[in-house]
Amino acid sequence: METLKAHEARRLLKSFCRRSRTTLKQTYLGNYSAEQVSDILVQTLELKEVKRIVQDIRLIDQRGGNSTSYLILILDALKEYLENEDSLVH
Numbered sequence: 028m029e030t031l032k033a034h035e036a037r038r039l040l041k042s043f044c045r046r047s048r049t050t051l052k053q054t055y056l057g058n059y060s061a062e063q064v065s066d067i068l069v070q071t072l073e074l075k076e077v078k079r080i081v082q083d084i085r086l087i088d089q090r091g092g093n094s095t096s097y098l099i100l101i102l103d104a105l106k107e108y109l110e111n112e113d114s115l116v117h
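Heads up: the sequence shown begins at 28 in this note's numbering, then just goes up one per residue.
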């Protein structure tokens, strides 16, 4: 698998979020733009992890799977993690 550069991974993630916008609107991120959703992922996760997510999405798409559901699972896990982290701090 090719190694993605940082700017390419960000661009591909934003593009994917734009294409998945209808489904993402049905989640807790419904009020965010596709760019904001991808920025949240990039800011919260290490770039290395974002690259892995983009590569997974590409692979799932190639195999005819539901990559949007994959992203939603990641976003739900991230939300739960951040909520638990906030409760530990306060």
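Glycine included, every Cβ here is placed at the ideal spot set by N, Cα and C.
If you're wondering where the values come from, they're calculated on a predicted model, not measured in any experiment.
When you compare only the Cα positions, how much space is there between Y59 and G91? Taking the straight line from one Cα to the other gives about 27 Å.
Given this structure, state the Cα-to-Cα distance separating Y97 from I84, to the nearest angstrom. Roughly 8 Å separates the two Cα atoms.
For L15, count neighbouring Cβ atoms within 10 angstroms of its own Cβ and tell me buried if that reaches 16, exposed if not. Coverage of the chain is limited to positions 28 through 117, which leaves residue 15 absent and any answer about it impossible.
Nearest residue (CA-CA) to E107, options L31, R48 and Y55: Cα-wise, what sits closest to E107 is Y55.
If the criterion is Cβ atoms closer than 8 Å, does the pair I80 and I101 meet it? Their beta carbons are under 8 Å apart, which means I80 touches I101 by this criterion.
Quick one: what does DSSP say Q53 is sitting in, helix, strand or coil? DSSP places Q53 in coil when its eight states are reduced to three.
So, at 6 Å on beta carbons, what are the nonlocal neighbours of T50 in its own chain, with the 5 sequence-adjacent residues on each side left out? Excluding residues within five positions, the ones whose Cβ falls inside 6 Å are T95.
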